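Just below is one structure, and these are the notes that go with it.
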Amino acid sequence: MILLVNLQEPFQFEFFRHALLAATMVGALTGLVGVFVVLRRMSYIGHGMSHSIFGGAVVGYVAGINFYVAAGIWGFLSALLINQTTRKRQIGADAAIGIITTASFALGVALISRASSVTRNFDAALFGNLLGVSTGDLWVIAGVLAFTLFVVFFLYKQILFLTFDSEVAPIYGVPAGWVDAVFSLVLAATIIASIRIMGVTLIAASLVIPPVIARLLTDRFAVMLVLSSLLGAAVAFTGMFISYYFDVASGASIVLLAAAIFALVIGYVTIRNWIRFGRPVGGTGKLTSAESQALFD
Amino acid sequence: MAESHTGGYIVRMAGLSAGYDGRPVVSDVDMAIRRGEFVGIVGPSGSGKTTLMKVILGSVAVYDGTAEVEGRPVSLHHRPSVGYVPQLETIDWNFPVSVEEVVLMGRSMQSGFWPWPRREDKTEMMRLLDRLGIAQFRRQHIRNLSGGQQQRVFLARALIRNPRLLILDEPTSGVDIKTRDDILHLLVELHREGVTVILSTHELNAVAAHLPRVICINRGIVADGRPSDIFTTEVLRQTYGGDMVVVKQDGMTLVADSPHFFDDAHAHEEPPKVLA
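Chains A and B are the protein sequences, given in the same order.
Using our numbering, you'd call the opening residue of the first sequence number 270 and step up by one each time.
Using our numbering, you'd call the opening residue of the second sequence number 19 and step up by one each time.
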């Protein structure tokens with residue numbers, strides 16, 4: 270009973286109600302988008318783009334432009350630039366992301382160091398903060414979530430094909446360039462919408478950990494999408510209470526909770542497989558055909 | 019499944035040069051394939067087999083000359099409707115998809131607006147899986163299947179498009195001899211139904227046994243014709259840059275590596291001692 274009363278306590282504050290709603294939507298959003306990020310082996314892009322968007326946000330702040338407009342334009346352009354650069358065979362995707370995003374981040378840092386008055390605001394951008402989630406922010410996050418659900422629903426077959434087999438999908442008529450551009454837009458929008466809650470430095474983890482946990486638990490794409498979104502939302506919801514009670518940055522509490530669940534799940538999967546096969550086999554470990562059959566029966 | 023032999027060319031290339039990043043991989047290619055033909059492309063690794071097939075698919079830049087499929091020029095901006103089975107080595111076997119999801123990908127641009135498949139797509143998928151003998155695995159993860167079954171899954175994905183032209187990149191690589199034989203018999207069956215089949219392979223004896231026409235390439239066409247006519251030591255030397263033995267017996271053409279002969283007198287000797 271005391272616990273219940275304690276859990277109800279933060280709801281008396283509007284800032285917490287806003288932050289909790291925002292975090293839950295952000296968790297679902299990053300969990301959903303993260304499935305594609307993980308399966309396309311683009312985890313580093315999530316990390317890089319958040320840093321890139323930070324640069325855009327600082328430029329926008331200094332120039333007096335709305336945060337979402339500045340970060341949005343900057344993020345989308347960065348994503349397109351990364352896509353274009355990685356098409357050149359001489360430059361690996363990781364190198365292209367490293368150059369473009371760190372240059373953008375460095376620009377933000379340079380501008381901050383020139384204007385010391387903005388440092389405090391950008392601490393929150395780096396690590397996430399419960400405070401200051403406005404009604405406008407909630408609408409933006411809800412809008413991005415709705416747009417992402419719309420895209421995933423109506424482009425499901427094309428995105429699935431392109432994610433699974435990016436070489437053959439265009440041969441079968443999937444407009445790869447167009448779908449990639451929409452995905453870049455969704456990823457940029459997701460990161461921008463999540464930046465206040467998760468913080469620049471921790472967004473990548475929220476894009477990666479829920480899908481990886483979901484992948485360990487299912488072998489079906491559609492189930493992985495649902496499971497990852499629900500996990501993301503649940504972890505963010507719970508993480509916000511941890512953030513409130515232990516007075517730690519919201520991004521950090523959400524990521525630490527997700528990492529703890531990941532450790533539990535990978536431990537469970539390892540022990541389960543050990544019991545079944547008499548030897549340690551990871552979630553993606555190589556099995557004999559008989560073992561594979563048994564694992565997914 | 020596909021229109022019957024109607025004559026005319028389904029693929030034509032003239033003076034073709036194509037490759038990647040401005041560097042041609044194949045040059046001066048003149049080639050014509052008639053509707054309903056069954057053609058094998060052989061050559062060493064890096065000889066341009068896959069590039070040539072990707073020209074037909076419209077996914078490689080053409081630098082010079084022309085390439086036409088069904089009478090229309092092929093380019094990165096105009097891709098013909100063909101069935102394509104990629105090398106299985108390119109597949110991510112840990113991707114969370116089932117057999118039926120992979121097969122239905124072949125209809126992803128035709129099956130309407132909703133994320134779920136239409137009834138007719140599912141019916142066609144089941145018909146194909148039944149025909150290919152893998153219907154019982156339809157809900158299985160693709161990793162759980164054997165090499166031959168996996169090959170059939172990707173063949174079903176190609177066939178669900180009802181293609182007139184089927185292209186397969188090394189469909190017999192990494193499978194045992196029985197599975198290889200099964201796959202080639204299946205392709206012969208499709209060819210008899212009127213589907214034009216083009217495949218690349220390293221299996222010269224399988225080509226000689228199953229295919230009526232073979233094209234030897236090494237960055238350009240070295241020879242083109244019936245396997246029994248063109249599989250000669252000279253052609254294979256030009257294609258592979260090495261000596262191979264060609265044996266013709268009982269109407270069969272067999273290609274063997276140039277062997278090493280060991281002296282029987284020394285066969286049972288102790289191995290030489292290693293000097294310190």
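Ideal Cβ positions, reconstructed from N, Cα and C, are used throughout, including at glycine.
The structure presented is a predicted model; accordingly, all values stated were derived computationally and were not measured.
Run of the alpha helix (DSSP H) containing residue i, from where it starts to where it stops
i, result
"D449 (chain A)", "A445 to M467"
"Y514 (chain A)", "F490 to F515"
"Y258 (chain B)", "T251 to Y258"
"T141 (chain B)", "R137 to R149"
"E207 (chain B)", "I195 to R210"
"D406 (chain A)", "T404 to F423"
"I59 (chain B)", "Where I59 (chain B) is concerned, there is no enclosing alpha helix (DSSP H), although the beta strand (DSSP E) it sits in stretches over F56 to V60."
"M123 (chain B)", "V117 to M123"
"N223 (chain B)", "L222 to H228"
Local Cβ density within 10 Å of residue i, reported as buried at 16 or more and exposed below that
i, result
"A332 (chain A)", "exposed"
"G26 (chain B)", "exposed"
"N162 (chain B)", "buried"
"V263 (chain B)", "exposed"
"K196 (chain B)", "exposed"
"L400 (chain A)", "exposed"
"H228 (chain B)", "buried"
"L276 (chain A)", "exposed"
"Q267 (chain B)", "exposed"
"V47 (chain B)", "buried"
"I540 (chain A)", "exposed"
"M270 (chain B)", "exposed"
Residue i, enclosing beta strand (DSSP E) - first and last residue
i, result
"A528 (chain A)", "Note, A528 (chain A): premise wrong, no beta strand (DSSP E); alpha helix (DSSP H) at S519 to F546."
"V481 (chain A)", "Per DSSP, V481 (chain A) belongs to no beta strand (DSSP E); it is in the alpha helix (DSSP H), I472 to L486."
"R231 (chain B)", "R231 to I235"
"D268 (chain B)", "Premise fails: D268 (chain B) is in no beta strand (DSSP E) and is neither H nor E."
"L34 (chain B)", "Y27 to Y38"
"S12 (chain B)", "Past the edges of chain B, shown from 19 to 294, lies residue 12 (chain B), and the structure says nothing about it."
"V240 (chain B)", "I239 to G243"
Helix, strand or coil at residue i according to DSSP, with G and I counted as helix
i, result
"M49 (chain B)", "strand"
"F323 (chain A)", "helix"
"M71 (chain B)", "helix"
"M294 (chain A)", "helix"
"L183 (chain B)", "strand"
"D363 (chain A)", "helix"
"L567 (chain A)", "What is shown of chain A runs 270 to 566, which leaves residue 567 (chain A) out entirely."
"I334 (chain A)", "coil"
"T84 (chain B)", "strand"
"I430 (chain A)", "Note on residue identity: the sequence assigns Phe, not Ile, to residue 430 (chain A). If DSSP states are grouped into helix, strand and coil, F430 (chain A) belongs with the helices."
"R41 (chain B)", "strand"
"I152 (chain B)", "coil"
"V103 (chain B)", "strand"
"P114 (chain B)", "coil"
"D261 (chain B)", "coil"
Residue i to residue j span [Cα, whole Å]
i, j, result
"Q562 (chain A)", "L486 (chain A)", "Any reading at Q562 (chain A) needs caution, since the residue's pLDDT is 49, under 50, leaving its predicted position unreliable; the model's value is listed next. Rounded to the nearest angstrom, the two C-alpha atoms are 16 Å apart."
"M127 (chain B)", "V29 (chain B)", "24 Å"
"F546 (chain A)", "V307 (chain A)", "27 Å"
"D242 (chain B)", "L184 (chain B)", "19 Å"
"V477 (chain A)", "T257 (chain B)", "48 Å"
"R149 (chain B)", "L290 (chain A)", "52 Å"
"G54 (chain B)", "E207 (chain B)", "12 Å"
"L526 (chain A)", "V117 (chain B)", "35 Å"
"V260 (chain A)", "L500 (chain A)", "In the structure displayed, chain A extends from 270 to 566; residue 260 (chain A) sits before or after that span and is not available."
"G303 (chain A)", "H203 (chain B)", "43 Å"
"G367 (chain A)", "F374 (chain A)", "10 Å"
"E221 (chain B)", "A274 (chain B)", "11 Å"
"I334 (chain A)", "W543 (chain A)", "56 Å"
"T251 (chain B)", "V73 (chain B)", "29 Å"
"Q158 (chain B)", "F336 (chain A)", "47 Å"
"A529 (chain A)", "G101 (chain B)", "46 Å"
"G329 (chain A)", "A339 (chain A)", "5 Å"
"R41 (chain B)", "E211 (chain B)", "38 Å"
"A326 (chain A)", "L471 (chain A)", "16 Å"
"F433 (chain A)", "I109 (chain B)", "8 Å"
"V448 (chain A)", "L456 (chain A)", "12 Å"
"I464 (chain A)", "D39 (chain B)", "38 Å"
"L34 (chain B)", "L70 (chain B)", "10 Å"
"L454 (chain A)", "A348 (chain A)", "8 Å"
"Q154 (chain B)", "E107 (chain B)", "24 Å"
Practice task
Closer than 7 Å, Cβ to Cβ, to anything on chain A: give me those residues from the stretch 76 to 105 of chain B, in chain order.
Solution key: Per Cβ criterion, the list reads S77, R97, Y102 and P104.
Problem - Cβ-based contacts, 7 Å cut-off: residues of the stretch 468 to 489 of chain A near chain B - result: Under the 7 Å Cβ criterion, the stretch 468 to 489 of chain A contributes R484, T487, D488 and R489.
Practice task
Taking only beta carbons into account, state which residues of the stretch 113 to 125 of chain B come closer than 9 Å to chain E, listed in chain order.
Solution key: Within the model displayed, chain E is absent; protein chains A and B are what it includes.
Practice task
Note down, in chain order, all residues in the stretch 440 to 456 of chain A with a beta-carbon under 7 Å from any beta-carbon belonging to chain B.
Solution key: Within the stretch 440 to 456 of chain A, the residues whose Cβ lies closer than 7 Å to any Cβ of chain B are, in chain order, I440, Y441, G442 and V443.
Problem - chain B contacts made by the stretch 295 to 326 of chain A, where a contact means CB separation under 7 Å - result: L308
Problem - Contact list for the stretch 230 to 257 of chain B against chain A, Cβ threshold 9 Å - result: none
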